[in-house]
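Residue numbers (UniProt numbering), protein chains in the order written: chain W, 1 to 324; chain P, 1 to 324; chain Z, 1 to 324. Even glycine gets a Cβ: it sits at the ideal position worked out from N, Cα and C.
Here's what the structure looks like:
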């Protein structure tokens with residue numbers, strides 16, 4: 001579809017959240033279609049996880065985003081979907097790869113939303129494809145368990161914070177979940193959640209560096225719990241780490257299902273977003289260093305540095321491998 | 001894309017206007033891409049006309065609409081695009097053709113919006129395709145001239161109208177044209193206008209028959225004049241004709257460019273929409289007859305009857321041809 | 001226009017904010033049109049104030065809202081607009097008055113946004129109309145000055161608050177001002193701000209009483225300062241008073257214009273919203289009493305009680321006058 005002014009920031013760059021939402025919609029369509037391809041209980045595919053994805057080049061207003069999706073692996077209860085986004089300038093004809101994302105979906109019964117159904121197996125062209133998919137499946141399963149344990153953290157408000165501290169830029173947003181945010185099962189689309197997460201992360205980043213910013217990458221996102229229509233969700237973001245030219249922001253999604261049920265607030269999703277600051281010519285700008293004050297902030301900064309160095313090393317390894 | 005609750009009426013049927021908007025977006029993308037395919041002045045394709053289109057089957061919330069578009073003819077300054085819409089129930093896998101529409105676009109220069117550029121010619125597989133296209137081109141050109149003359153009419157409000165009269169159901173809506181309604185050139189997308197027209201026509205139809213209604217077809221729509229960002233548009237609809245099971249509604253779009261220029265209000269678009277009333281099981285219901293009071297109303301009723309009988313005759317001819 | 005699922009809460013009642021946004025759009029159109037009716041500098045009417053308005057009856061999904069607007073007074077630099085909203089059930093034909101609102105607009109030059117232009121005078125049918133308008137004009141001018149002084153207050157976050165305290169239900173929302181939120185001048189539409197304010201107030205009310213709630217009335221809202229495109233606005237709400245069956249919520253709008261200019265955060269708008277809780281049958285429910293803890297909370301509770309009793313007395317006087 002054509003990117004509109006509403007999809008973009010003041011500098012004309014399309015929000016990463018808009019792209020994430022389109023990716024998730026494509027993934028939900030293809031996996032729901034696949035899971036219903038054999039006679040049986042009708043179901044809807046629910047997003048369980050998005051693997052780390054890089055935003056390779058910014059998309060601008062007026063460009064057309066082409067989204068294509070393919071099922072690359074199926075386990076007994078989950079589907080792996082590979083989604084590619086190409087942006088096309090229909091005036092010049094120029095095309096660029098914008099995103100490659102991997103998503104995991106789980107089929108939930110339309111009759112009983114707590115029942116996970118079986119996924120019809122796909123055919124692989126080569127045996128290695130199945131083996132590699134299985135490896136990816138096992139890896140993400142492990143990672144999901146790990147993040148679940150990390151999830152107790154809460155963002156406390158800070159009064160009169162100083163410039164460039166964590167408290168200065170941290171932000172939160174509440175959203176009442178309406179009907180168009182939801183699937184047929186009455187639960188929030190993963191893509192809607194990711195769009196709101198990107199919005200909060202973007203505000204944190206802009207508050208910190210006070211310049212034009214764009215999403216550079218999103219770490220793996222795990223959807224631990226479903227969020228029901230009518231819930232109020234609180235999306236909170238705080239900066240965890242800055243390198244010379246990038247900012248890492250941790251985002252939490254907490255759900256309050258207060259209308260229907262007497263249940264407590266719970267953590268539904270959490271993730272790390274990385275942002276860069278761009279000049280008017282689209283060049284990356286230096287970022288003010290994050291000032292850490294408490295022990296927890298220092299620990300999170302070091303953990304963020306670890307993730308940053310790991311990603312950097314991985315990318316260099318890929319470049320070297322490609323050069324061989 | 002997946003149809004959401006907001007795209008649909010209370011009974012779950014997707015508004016014809018939502019479909020028309022998707023059709024137009026697909027047409028605008030393919031024709032803008034084509035017109036920029038040769039080096040030259042960059043341009044944006046503006047919608048000039050939509051041929052009569054039938055809504056073959058209603059689309060429901062949760063279904064996926066697949067839109068495909070193809071360029072079928074080019075004249076020196078215009079492009080004919082054929083758009084097909086299929087609705088797909090991703091739970092059952094069932095697919096239905098929903099719409100086949102033909103749209104005409106004209107390339108306007110990005111630098112000078114009043115300059116119409118030349119269209120790169122397409123290749124035809126067979127000579128007959130070109131000849132048939134040329135015939136369609138000449139026909140629509142004639143029809144556009146004709147409608148232009150019919151356009152002086154205004155809808156006056158009626159005080160305390162009686163049930164089932166024209167005055168009882170007539171309705172109008174005003175809309176302030178915002179940035180996301182517009183193309184790169186700062187003019188309203190044809191699809192946005194059609195969506196609003198369908199909304200008004202739907203209110204007229206529902207007021208008349210007080211049941212669940214859906215768009216059955218839209219007559220050819222000509223876009224006489226562009227509408228600029230910041231304009232206020234008034235969309236007015238009145239019922240012109242009823243058969244046993246259908247209602248014809250005439251819709252006008254008038255633009256007030258009051259902020260920027262000292263120009264008078266002008267008629268930008270006009271069209272006829274046909275609606276049917278559906279029972280809960282999706283069967284067509286009888287429609288109360290329209291009561292005509294003035295001479296003009298009687299004349300318009302007769303003209304509407306003419307269009308109705310003509311369409312009916314055409315359809316029967318097609319059925320007979322198909323049966324041979 | 002027809003009310004859609006996204007305009008409403010889970011119980012099908014349309015959000016007060018949606019109605020306020022429609023009212024403001026109608027007011028902005030009619031006053032911009034009027035201020036441009038004489039040759040001269042083109043201008044856009046900016047919302048300066050909304051008088052107290054009551055929501056007389058809830059509107060439901062599928063109903064049509066008819067909005068009509070009329071200019072009732074002009075001073076040298078401002079326009080008073082009276083807007084009426086009727087909801088119509090198009091299936092039954094039943095109509096109800098939903099709102100009567102009075103809005104004040106000021107014409108700002110399109111070339112120089114800081115220049116307030118002169119308003120063309122309107123003709124009055126009777127001399128008394130002009131005199132009464134002048135009286136209303138003077139009254140609102142006074143009130144605007146008063147509120148300006150009251151505006152330093154900030155909502156501080158509370159950690160681990162108890163049920164039914166002020167801290168328990170207070171909420172805030174951040175919003176990045178995008179292009180479709182803005183007028184031609186690049187400033188946020190008053191209606192967009194009011195819709196967000198109602199959203200926050202609604203969440204505060206729902207958190208407090210955990211039932212289905214609807215907007216009952218909005219106190220006079222003054223728009224002290226414009227908010228520019230690209231700003232981040234923080235909308236915060238806290239409960240100030242509860243009667244047996246109503247809740248009063250104070251809402252602040254603070255703007256951070258951090259992208260373009262090095263200006264400090266400023267208070268742009270503030271207002272009081274009153275909510276009631278409704279049973280499934282649409283009857284008002286008792287509301288848990290607000291627990292006040294600090295001196296400030298107790299003072300605000302008393303002030304709220306004052307406003308509540310004053311409004312109640314006014315309404316009774318009107319009823320008695322009508323009965324005579």
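Less than 8 Å between the CB atoms is what I'm expecting for residue i and residue j, so what's the real figure, rounded?
i: residue 276/P; j: residue 213/P; result: 7 Å
i: residue 290/Z; j: residue 284/Z; result: The pair is not a contact, with the Cβ atoms about 17 Å apart (cut-off 8 Å).
i: residue 17/W; j: residue 195/W; result: 4 Å
i: residue 204/Z; j: residue 170/Z; result: 6 Å
i: residue 252/P; j: residue 267/P; result: 6 Å
i: residue 23/Z; j: residue 232/P; result: Not confirmed; about 16 Å, so no contact.
i: residue 242/P; j: residue 174/P; result: Actually they do not touch by this definition, with Cβ atoms about 27 Å apart.
i: residue 265/W; j: residue 250/W; result: Rounded, the Cβ-Cβ distance is 18 Å, inconsistent with contact.
i: residue 4/P; j: residue 61/P; result: 7 Å
i: residue 45/W; j: residue 79/W; result: 7 Å
i: residue 99/P; j: residue 19/P; result: 6 Å
i: residue 184/Z; j: residue 110/Z; result: 7 Å
Name the chain Z residues that come within less than 8 Å of residue i, Cβ to Cβ?
i: residue 10/P; result: 61 and 62
Classify residue i as buried or exposed, calling it buried when 16 or more other Cβ atoms lie within 10 Å of its own Cβ.
i: residue 13/W; result: buried
i: residue 302/Z; result: exposed
i: residue 322/Z; result: exposed
i: residue 314/Z; result: exposed
i: residue 65/P; result: buried
i: residue 294/P; result: exposed
i: residue 324/W; result: exposed
i: residue 156/W; result: exposed
i: residue 189/Z; result: buried
i: residue 92/W; result: exposed
i: residue 115/Z; result: exposed
i: residue 287/P; result: buried
i: residue 121/W; result: exposed
i: residue 146/W; result: exposed
i: residue 36/Z; result: buried
i: residue 319/Z; result: exposed
i: residue 245/Z; result: exposed
Just grab the DSSP bridge partners of residue i for me.
i: residue 276/W; result: 214/W
i: residue 105/W; result: 47/W and 79/W
i: residue 86/P; result: 66/P and 97/P
i: residue 233/W; result: 175/W and 255/W
i: residue 223/W; result: 269/W
i: residue 8/Z; result: 14/Z
Chain Z partners of residue i, CB-CB under 7 Å?
i: residue 6/W; result: 178, 179 and 180
i: residue 207/P; result: 90
i: residue 171/W; result: 174
i: residue 325/W; result: What the structure shows of chain W is the stretch from 1 to 324, and residue 325/W is not part of that stretch, so it cannot be assessed.
i: residue 19/W; result: Near residue 19/W there are no residues of chain Z at all, since even the closest Cβ is about 16 Å away, more than 7 Å.
i: residue 199/W; result: 176
Report the neighbours of residue i on chain P: residues whose CB is nearer than 7 Å to its CB, in chain order.
i: residue 184/W; result: 62
i: residue 29/Z; result: 174, 176 and 232
i: residue 193/W; result: Chain P residues near residue 193/W: none, gap ~16 Å exceeds 7 Å.
Residues of chain P with a CB under 8 Å from the CB of residue i: which are they?
i: residue 25/W; result: 1 and 2
i: residue 32/W; result: 90 and 91
Between residue i and the ligand MN, is there a pair consisting of the residue's CB and a ligand heavy atom that are separated by less than 8 Å?
i: residue 170/W; result: In the structure on display, the ligand MN does not appear, and there are no ligands present to speak of.
So residue i contacts chain W; which residues on that side make the cut at Cβ distance below 9 Å?
i: residue 187/Z; result: Under the 9 Å cutoff, chain W gives no residues; its nearest Cβ is about 14 Å from residue 187/Z.
i: residue 156/Z; result: 157 and 159
i: residue 42/P; result: 91 and 92
Give me the chain W residues within the contact set of residue i, using Cβ-Cβ distance strictly less than 8 Å, ordered along the chain.
i: residue 36/P; result: 90, 91, 92 and 93
Quick one: list the residues of chain W neighbouring residue i, beta-carbon separation under 7 Å, in chain order.
i: residue 203/Z; result: 174, 176 and 232
Does the segment 48-65 of chain P come into contact with the segment 104-115 of chain W, if we say contact requires no fewer than three beta-carbon pairs (one atom in each stretch) closer than 8 Å? no
For the segment 63-75 of chain W and the segment 129-146 of chain P, state whether three or more C-beta atom pairs, one from each stretch, are separated by less than 8 Å. no
At a cut of 8 Å, does the segment 162-169 of chain W reach the segment 157-175 of chain Z through at least three beta carbon pairs? no
Quick check: the segment 133-146 of chain W against the segment 81-100 of chain W, are there 3 or more CB pairs under 8 Å? no
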